[in-house]
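Below is one structure, written out as structure tokens; comments come after it.
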Amino acid sequence: EAGVVQSPRYKIIEKKQPVAFWCNPISGHNTLYWYLQNLGQGPELLIRYENEEAVDDSQLPKDRFSAERLKGVDSTLKIQPAELGDSAVYLCASSLEQAGTSGANEQFFGPGTRLTVL
Amino acid sequence: SQQGEEDPQALSIQEGENATMNCSYKTSINNLQWYRQNSGRGLVHLILIRSNEREKHSGRLRVTLDTSKKSSSLLITASRAADTASYFCATPGRAGSYQLTFGKGTKLSVIP
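Residue numbers (our numbering), protein chains in the order written: chain A, 1 to 118; chain B, 119 to 230.
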């Protein structure tokens, strides 16, 4: 079974340029997450999708970040314009969340996209 | 804000020794998870322990949970060089939530 796929793996851009990251979750997983991970820190949630609906985007800086999950499968995270402080690893994860469970099941992570903003 | 906090921040041991990492959290939880992250990779799920469990084993891993102290520990026995990685505990953002909040992690180095 294929894992979570992310592309590109690395991206170097100049500040004020736009950038987009793509994620294809594990087949059948209804929940998709985008995380930001700074060096030496744990992942921090940016946005969570249940199918095609964004159910938690409170940590997403909406002035420059946007995300979509059309058709409830793969997802794109965009930054426009990028700032120096956006340099980080952007992780995508997916899980199969089922109603009636006690919450927070195992999440499967992709390898991440390492963004460097110059 | 981060709910869980791992301790120590870094740990260096010789191959064959045991490694113990601790996690403290702030609010009541119904489960706690541990993840591993090798350098330059995504996170890999290791183990999930529910609030009604006190101890759980998986291979060379042993996880304990003390809900009265709001703490958990991860023990890796007979460590190997391949165990070198960062280890994170993760807790639900709020009761019943599917969102996970991660700590800053413990960076484990196993010296051959």
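Ideal placement from N, C-alpha and C gives every residue a C-beta, glycine not left out.
Same chain, Cβ closer than 6 Å to residue i, five either side skipped, listed in chain order
i                : result
Glu128 (chain B) : Contrary to the premise, residue 128 (chain B) reads as Ala rather than Glu in this sequence. For Ala128 (chain B), where only same-chain residues beyond five positions count, the Cβ hits under 6 Å are Lys225.
Gln132 (chain B) : Ile229
Gln151 (chain B) : Leu166, Ala208
Thr31 (chain A)  : Glu50, Ser95, Glu97
Arg154 (chain B) : Val162, Leu164, Ala203, Tyr205
Lys78 (chain A)  : Ala20, Ser66
Gln17 (chain A)  : Ala82
Thr195 (chain B) : Asn136, Arg178
When the options are compared against residue i, the one with the closest alpha-carbon
i                : options                                : result
Arg178 (chain B) : B:Cys141, B:Asp201, B:Ile147           : B:Asp201
Tyr35 (chain A)  : A:Ile26, A:Arg48, A:His29, A:Glu97     : A:Arg48
Tyr33 (chain A)  : A:Val19, A:Glu53, A:Gln17              : A:Glu53
Leu75 (chain A)  : A:Cys23, A:Asn30, A:Phe65, A:Phe108    : Note that residue 75 (chain A) is Ser in the sequence shown, not Leu. The shortest C-alpha separation from Ser75 (chain A) is found at A:Cys23.
Tyr143 (chain B) : B:Gln217, B:Lys188, B:Ser130           : B:Lys188
Val181 (chain B) : B:Met139, B:Thr145, B:Ser197           : B:Met139
Ala137 (chain B) : B:Gln217, B:Pro210, B:Gly211, B:Ser191 : B:Ser191
Ser130 (chain B) : B:Ala199, B:Asn156, B:Arg159           : B:Ala199
Ser173 (chain B) : B:Arg159, B:Asn156, B:Asn149           : One point to set straight first is that residue 173 (chain B) is Glu, not Ser, in the sequence displayed. When each option's Cα is compared against that of Glu173 (chain B), the closest is B:Asn149.
Ala2 (chain A)   : A:Lys11, A:Lys15, A:Gly28              : A:Gly28
Contacts that residue i makes with chain A (C-beta to C-beta distance below 7 Å)
i                : result
Arg172 (chain B) : Per Cβ cutoff of 7 Å: no residues; Arg172 (chain B) is ~17 Å from chain A at best.
Arg159 (chain B) : Pro111
Own chain, CB closer than 8 Å to residue i, minus 5 neighbours either side, in chain order
i                : result
Gln120 (chain B) : Confidence in Gln120 (chain B) is poor, its pLDDT being 48 and thus under 50, which makes the residue's placement too unreliable to answer from.
Ile13 (chain A)  : Val19, Ala82, Leu115, Thr116, Val117, Leu118
Glu171 (chain B) : Leu183
Thr185 (chain B) : Ser146, Ile147, Ser169
Asp125 (chain B) : Met139, Asn140, Cys141, Ser142, Thr224
Partner residues on chain A for residue i, Cβ-Cβ distance less than 8 Å
i                : result
His175 (chain B) : Chain A residues near His175 (chain B): none, gap ~17 Å exceeds 8 Å.
Gly221 (chain B) : Gly42
Neighbouring residues, chain B, relative to residue i (Cβ below 9 Å)
i               : result
Leu32 (chain A) : Those within 9 Å of Leu32 (chain A) in chain B number zero; the least Cβ separation is about 11 Å.
Residues near residue i in its chain [Cβ-Cβ closer than 7 Å; skip 5 each side]
i                : result
Leu70 (chain A)  : Glu52
Pro111 (chain A) : Gln6, Arg9
Ser87 (chain A)  : Leu115, Thr116, Val117
Glu68 (chain A)  : Ser75, Thr76
Residues that residue i contacts on chain B, provided the C-beta gap is smaller than 8 Å
i                : result
Leu118 (chain A) : The premise fails here: Leu118 (chain A) is roughly 20 Å from chain B at the closest Cβ pair, so nothing lies under 8 Å.
Leu91 (chain A)  : Gly160, Leu161
Contact belief for residue i with residue j at Cβ below 8 Å, rounded distance in angstroms
i                : j                : result
Gln59 (chain A)  : Leu46 (chain A)  : 6 Å
Glu135 (chain B) : Ser197 (chain B) : 6 Å
When Cβ atoms are compared, which residues of the region 39-72 of chain A fall closer than 9 Å to chain B?
Taking 9 Å as the Cβ-Cβ cut-off against chain B, the residues of the region 39-72 of chain A that qualify are Gly40, Gln41, Gly42, Pro43, Glu44, Leu45, Arg48, Glu50, Val55, Asp56.
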